[in-house]
Amino acid sequence: MKAVLILVILLLLAFCLTAFGQVPAPSKTLPLTTSGQGEPKNTAGFTSVPLAISYQGLMTTSSGTPVQDGNYDIQFDLYEASVGGTSEWTETHNGVAVSRGTFNIILGATTSLNNFNFNRQMYLEVTATAGPAGPSYPITFSPRAQLTSAPTALAPWTVNSGNIYYNNGNVGIGTNSPSTILDVRKDVPNDLGPIISLSNGGGGATSGGAIDFKNLNVTSPTQFRIRTDDDGNSSAHLAFLARPQGPGGSSVIEHMRITSRGNIGIGTTTPSQKLHVASTGSNTSRLLMESQGSVAIRQALTLTAGQGRWSTFVGVDGSYGIASANDLFDDFTNRFVINHSSGNVGIGTITPTAKLHIGGTPGIDGIRFPDGSLQTSGGVGSASSVSSATDALVTGDNDNNGSGDVRFVTGLSDKMRITNGGNVGIGTASPSAKLQVTGSETTTDGKNAAITISNTASGGANWYLRAGATGTVTPAAGFSIADDITYRFVISGIGNVGIGNYIVTPSNIITVEQNSSTDPIADAWTTYSSRRWKTNIKTIERALDKIQLLRGVRFDWKADGKHDIGLIAEEVGEVIPEVVAYEENSKDARSVDYARLVAVLIEGMKEQQKELEELRAMVKSLVEQQADNEKKSLGELK
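Take the sequence shown: its letters are residues 1158 to 1795, numbered as in our numbering.
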């Protein structure tokens, strides 16, 4: 006799189910008491729910008749599938009283459900293993019952071992409208007392409170930590720790500390001054000091290398324009001076007379890179004479009216110039653009061009960029790129482009040359088509019908009136949208990919060929039938 269990789940009071049916897995059951309203509560003060399922079932025969009254041994199993699969939890209740087919039990009463994962769809299977005489046991009732959420699934807090958590929405403390994950508010006027307190009652020199910041999930390493450290003298320090960059940084390390004495340490845990910056590297410490008010920054920074040498930066009151100097000096003498009243900078002198004055060997009002010879000139703006023609000179071109240029001179001739209008010229003393590079074209491979890009390493090459002129290989008003062998890319004065070997006068919009001027078109143009880059591959269906819907047209182009033939993109888009490109509004058709229509034509020809073969077979059959009929007619005549 096949038995059927009609399962009616009256109440699932289990494990603080979430809206998705997730059930926590606590490692121990909290002691429960019952309030006057009968709501279960735990002694820790959390809202909790029973860690069990109240279950009522009705057992009937295959005809729907309740089973015989009596006591049954019933086994309950949980599966992830409605049929088949492996039991993931089992529990047996012995001597269950069954009356008129109904029974009541508490699932989880004998086998704990504490650590069971309900974050998925589960099914309950009921098997009677023993009972009143008559049937052959065990009897498994079907179908399995699907577990659904219970009213307690709406409980906001979930208990997990000794913890509680809440994954839906924000939590407010002191506010009924939290705007963040945790929103803490204190509405007490004129109160500077703490809102949040962190403490560690364990004591000891290494105890304290901390806040961790993580950027991925609860199992990822801590990225940043703010921590208090007990110094063992009834006082504490505030430390700031961060995880080092790179995959090797798994633990946070301290970067800054504020001591109980008010000292701040960056790179040190024992700051001895109000601000103590330390570094293990020679060039890694950085400090920016800025004054945005009217108070001067004077002797604000003292640096020491541990050998008695020191340097002090002396600030100036910037709002009043006091005529004083900023000195950067050491134990011995001034090294660097900025004169506030004039704006002159002195290096090696404390009385700078120019915007940049470098003391030492007598020189000019500018910057000179001497070759070791004595400089004897005293001109202003440029050198009146030099002892060696190989000196390099950066100077002003003084015309006595404040409109001179800045010249970069070597070998007694200008190599670069910045005009008073802001134009920069390389190879020219009168640049007409913001950057003008002037060179010459004297060879067929483009050497001596305006711009050269070179790689001197093994296997490297030189590339030359040039603008053409009358009489040059590069077309007049054109542009070219060449290597040490030949021209590789040319744009003519009318916009034609040549790519390949020595195409210096391209006659088409784009000319691609492989070996010589007799093959001005590339060997082939291929499109990526391997099945390695494709998925959902299907044969085009009803291709012949699609072809019949297309319309070939003759037309004239609006732009130039040229007569042409082709297709109308809008019409093609209604039949084969895959080959039509549209504007950004996804409405106006722009172009048709004629090459991709080949796929439709191929399948259309195959469909047409199939129809032809069917027609041939039909004609053949008709011919043979006609021949048989004629033979029969001749036989009857005889």
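Don't be surprised by glycine CBs; every beta carbon is placed ideally from N, CA and C.
Here Asp1721 has Arg1711, Phe1712, Asp1713, Trp1714 as same chain residues with Cβ atoms under 8 Å from its own Cβ, once five neighbours each way along the sequence are excluded. Residue pairing by DSSP puts Glu1411 in a beta bridge opposite Leu1398.
Asn1276 and Ser1687 have their alpha carbons spaced roughly 43 Å apart. Taken atom to atom, the span from the alpha-carbon of Val1240 to that of Ile1231 is near 19 Å. By the neighbour-count criterion, in which a residue is buried when 16 or more other Cβ atoms sit within 10 angstroms of its Cβ, Asp1386 is buried. Straight-line spacing of the CA atoms in Ser1269 and Thr1247 works out to 10 Å. If you draw a straight line from the Cα of Val1594 to the Cα of Ala1624, it comes to about 10 Å. For the alpha helix (DSSP H) assignment, the uninterrupted runs of no fewer than 4 residues enclosed by the segment 1695 to 1773 are, from N- to C-terminal side, 1700 to 1706, 1726 to 1732. Within 10 angstroms of the beta-carbon of Thr1305 lie fewer than 16 other beta-carbons, which makes it exposed. Secondary structure note for Arg1574: its beta strand (DSSP E) is the uninterrupted segment 1570 to 1575.
Separation of the CB atoms of Leu1772 and Ile1704 is rounded to 18 Å, and the pair is thereby denied contact status at 8 Å. Looking at the backbone, the Cα of Ile1648 and that of Gly1635 are separated by about 5 Å. By the 16-neighbour rule on beta-carbons within 10 angstroms, Phe1370 is exposed. Here Met1762 is exposed. Its C-beta has fewer than 16 other C-beta atoms within 10 Å. Asp1750 and Ala1738 have their C-alpha atoms spaced approximately 8 Å apart. At a Cβ-Cβ threshold of 7 Å, Gly1503 and Pro1509 count as neighbours.
A distance below 7 Å between beta-carbons, with the five flanking residues on each side excluded, links Thr1337 to the following residues of its chain, in chain order: Asn1327.
The continuous stretches of beta strand (DSSP E) do not include Phe1273, and DSSP gives it neither H nor E.
The three-state reading of DSSP puts Arg1382 in strand, counting E and B together.
Contact between the segment 1255 to 1264 and the segment 1293 to 1300 is absent, with fewer than three C-beta pairs closer than 8 Å.
Counting other Cβ atoms within 10 Å of its Cβ, Leu1349 stays below 16 and is therefore classed as exposed. Between Val1341 and Ile1330, the gap from beta carbon to beta carbon is short of 7 Å.
A distance below 6 Å between beta-carbons, with the five flanking residues on each side excluded, links Ile1583 to the following residues of its chain, in chain order: Met1573, Val1594. Classified as buried, Ile1638 has 16 or more neighbouring CB atoms from the shown chains inside 10 Å of its CB. Assignment of beta strand (DSSP E) within the segment 1586 to 1649, counting only whole runs of 3 or more residues, yields 1592 to 1594, 1608 to 1611, 1619 to 1624, 1636 to 1639, 1644 to 1648 in chain order. Here Val1409 is not near Leu1395, since their CB atoms are 7 Å or more apart. Close CB contacts of Met1413 within its chain, under the 6 Å cut and outside five residues either way in sequence, are with Phe1397, Ile1423 (chain order).
In this chain, the beta strand (DSSP E) harbouring Gln1232 covers 1227 to 1236. A direct Cα-to-Cα measurement between Lys1744 and Asp1702 gives close to 24 Å. In the DSSP assignment, Arg1301 falls within the unbroken beta strand (DSSP E) covering 1296 to 1303. No residue range can be given for Ser1686, since it is assigned to no beta strand (DSSP E) and is classified by DSSP as neither H nor E. Between the beta-carbon of Val1253 and that of Tyr1229 there is about 5 Å, and that keeps the pair under the 8 Å contact cut. Inclusion of Arg1400 and Gln1380 in the CB contact set at 7 Å is warranted, their separation being smaller than that value. The alpha-carbon of Thr1416 is positioned some 19 Å away from that of Ser1354.
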